[in-house]
Amino acid sequence: MKPIGPYTFETFKEKVAAFHGYPAPGVIIGGYMVVLAQEKIPRDVLFDAIVETPKCLPDAVQLLTLCSYGNGWMKVYPFGRYALSLYNKYTGEGVRVRIDPDRLKAWPHIEMWLFKTQPKKEQDSDALFDEIARAGADICGVAPVQVKEEAMKRFSFGDIGRCQKCGEPHPVKFGEVCKACGGESPYF
Ligand SMILES: [Zn+2]
Numbered sequence: 506m507k508p509i510g511p512y513t514f515e516t517f518k519e520k521v522a523a524f525h526g527y528p529a530p531g532v533i534i535g536g537y538m539v540v541l542a543q544e545k546i547p548r549d550v551l552f553d554a555i556v557e558t559p560k561c562l563p564d565a566v567q568l569l570t571l572c573s574y575g576n577g578w579m580k581v582y583p584f585g586r587y588a589l590s591l592y593n594k595y596t597g598e599g600v601r602v603r604i605d606p607d608r609l610k611a612w613p614h615i616e617m618w619l620f621k622t623q624p625k626k627e628q629d630s631d632a633l634f635d636e637i638a639r640a641g642a643d644i645c646g647v648a649p650v651q652v653k654e655e656a657m658k659r660f661s662f663g664d665i666g667r668c669q670k671c672g673e674p675h676p677v678k679f680g681e682v683c684k685a686c687g688g689e690s691p692y693f
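Everything in the sequence shown is counted per this note's numbering, starting at 506 for the first residue and increasing by one.
Following this line, the structure appears as structure tokens:
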């Protein structure tokens with residue numbers, strides 16, 4: 506069983522369960538992906554992260570790096586692609602790690618999981634975890650990337666004022682009334 510950075514497979518699986526709610530295979534695979542990316546960028550570089558799916562993979566980044574959704578050092582693109590990159594936050598130079606479908610021939614359970622060719626409840630989770638632990642980062646492709654300047658920009662809401670309707674502070678760039686009062690509220 507291949508370790509995930511400083512963690513054994515079992516220890517990382519427990520960490521994933523504690524953070525994610527259950528030991529999701531995707532977060533464990535993501536762990537190998539994050540560690541591979543970390544190995545490929547210079548050790549002393551301050552990096553940010555881009556994750557190309559909102560499912561599972563962001564939690565692997567948050568478990569293994571200082572980049573989180575909340576601190577803004579990780580950006581999540583809802584592409585549904587199982588890939589991430591770590592890049593120099595000043596220059597945008599980095600590496601992108603993905604699951605390479607051509608490398609899944611030897612790992613049928615991982616392939617089944619990725620392509621969802623069988624319903625989750627019919628998948629053999631012991632066999633899947635066994636393959637994940639033996640494959641490690643062998644299923645990954647790595648390539649250098651240059652992140653676009655606009656994608657590197659720090660997100661900001663800008664100036665804050667009070668909504669004319671509910672009175673709550675909100676970004677003035679959204680207009681006189683806040684998004685919720687403007688009809689986008691998730692609440693009745
Ligand atoms: Zn309002």
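Where is the CB? At the ideal position from N, CA and C, for every residue including glycine.
Predicted model only: the values in this text are computed from it and were never measured.
For K670, the shortest separation between its Cβ and any heavy atom of ligand 1 lies below 6 angstroms. V581 is a Cβ neighbour of V556, given a cutoff of 7 angstroms. DSSP places V652 in the coil class of the three-state scheme, outside both helix and strand.
When rounded, the separation of the alpha-carbon atoms in K507 and A638 is 6 angstroms. Between R608 and I644, the beta carbon gap of about 5 angstroms places them in contact (Cβ cut-off 8 angstroms). K610 and A640 have their C-alpha atoms roughly 11 angstroms apart. Residue state for R639 is assigned as helix, using DSSP reduced to three classes. Non-local beta-carbon contacts of W578 in its own chain, meaning distances under 6 angstroms to residues more than five positions away in sequence, involve D553 and C572 in chain order. About 6 angstroms separates the beta carbons of K520 and L568, which is inside the 8 angstroms limit, making them a contact pair. If you look at D664, you'll find it isn't in any alpha helix (DSSP H); DSSP assigns it neither H nor E.
In the structure shown, P676 falls within a strand segment according to DSSP collapsed to helix, strand and coil. In its chain, beyond the 5 residues on either side, R601 have a beta carbon closer than 6 angstroms to the beta carbon of A648. About 6 angstroms separates the Cβ atoms of W618 and Q628, confirming a contact at the 8 angstroms cut-off. Looking from the CA of M538, the closest CA among Y574, D564 and P583 belongs to D564.
Between L591 and I546 the beta-carbon gap is near 6 angstroms, inside 8 angstroms, which marks them as a contact.
A check of alpha carbon separations from L562 across N576, A529 and D635 identifies A529 as the nearest.
Look at C686: its beta carbon is less than 6 angstroms from one of the heavy atoms in ligand 1.
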